[in-house]
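A.B. asks: One gets our numbering by counting positions in the sequence shown from 1 and adding 82 to each. I'd like to ask some things about the structure below.
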Amino acid sequence: MQRIGVIGGMSWESTAEYLRLLNQGVRERLGGLHSARLVVATVDFAAVEPLQVAGLWGEAGDLLAAEARALEAAGADLVLLATNTMHRVFDRVAGAVSVPVLHLADVTAAAVRERGLSRVGLLATRYTVEQDFYRGRLAEGGVETLVPEGADREEVQRIIFEELCVGRVEEASRRRLARIAGDLVAAGAQGVVLGCTELELSLGAGDLSVPVFPTTTLHCRAALDVALGPVPVSNPVR
């Protein structure tokens, strides 16, 4: 089993899901008392978020690149950047190490194509839906994205940062997210990508009538495919 390095803390709520899903996935694949071989770095999100707001992506990239180097030095055979938004600095992080860094959008695009789909709605932070680093990468993978407009975009941002990132999972917000996603489906989306790692804490496949692509789950599954080799699992993403 290869050792997986995780750069987390953005937020730690979703990083905890990464650790749970990676360990649960190893147990499902190998059985018994098996668990994942991990090295984990969690940054202080309170130091990263102001850099996002100020557009200081280079500084944020340097910070995360240093964490990636530390994980490689600690023995990581591959690295996960456990945040969709900070894939804005993916190239800087990946360029800092010699081990593979698995891109969330590549993993997601592959899952969408496997379902035979080409157009999805994207729920994510304002940075992820407004900038091209993520949508462009999905497009390179053959996936077109539809995104919320206006007030809906701001509402998704608010739910992520003011609720999910601080451990609040509100039923009213789940309903609002489902309604926003439903509007994207009505506009032509064939499925919905939960393009922020915290969104899986609120929204799931049972909330929508189309396929849902949970990026945290997909990222962890892809990492285990590398670390263990592909092995059938009992609970495929629906």
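No residue lacks a Cβ here, since even glycine has one placed at the ideal position from N, Cα and C.
Tell me, to the nearest whole angstrom, how far the beta carbon of Leu-162 is from that of Ile-242; I am working on the premise that it is less than 8 Å.
C.D. replies: The C-beta distance from Leu-162 to Ile-242 rounds to 19 Å, too long to fall under 8 Å, and the pair is not in contact.
A.B. asks: Nearest by alpha-carbon distance to Val-229: which of Val-211, Tyr-216, Leu-153 and Gly-223 is it?
C.D. replies: Of the residues Val-211, Tyr-216, Leu-153 and Gly-223, the one whose Cα lies closest to the Cα of Val-229 is Val-211.
A.B. asks: Are Val-294 and Val-274 touching if we call contact CB-CB under 7 Å?
C.D. replies: yes
A.B. asks: Please report the straight-line C-alpha distance between Cys-302 and Val-108, rounded to a whole angstrom.
C.D. replies: 10 Å
A.B. asks: Provide the residue span of the alpha helix (DSSP H) that contains Val-88, from first to last.
C.D. replies: Note, Val-88: premise wrong, no alpha helix (DSSP H); beta strand (DSSP E) at 86-90.
A.B. asks: Once you ignore the five residues that flank Ala-155 on each side, which residues in its own chain have a CB closer than 8 Å to its CB?
C.D. replies: none
A.B. asks: For the alpha helix (DSSP H) containing Gly-290, name the first residue and the last one.
C.D. replies: One detail in the question is off: residue 290 reads as Leu in this sequence, not Gly. Counting along the chain, no alpha helix (DSSP H) covers Leu-290, and no H or E run does either.
A.B. asks: Can you tell me whether DSSP reads Arg-240 as helix, strand or coil?
C.D. replies: It is helical.
A.B. asks: Within this structure, are the beta carbons of Leu-322 and Val-251 separated by less than 7 Å?
C.D. replies: Nothing can be reported for residue 322, as the shown portion of the chain is limited to 83 through 320.
A.B. asks: So is Leu-306 buried or exposed if we call it buried at 16+ other beta carbons inside 10 Å?
C.D. replies: buried
A.B. asks: Identify whether Gly-249 lies in helix, strand or coil by the three-state DSSP scheme.
C.D. replies: coil
A.B. asks: Please return the same chain residues whose Cβ sits closer than 7 Å to the Cβ of Gly-224, not counting the five positions on each side in sequence.
C.D. replies: If we look at Gly-224 and ignore the five residues flanking it on each side, its Cβ neighbours are Ala-191, Arg-195 and Ser-200.
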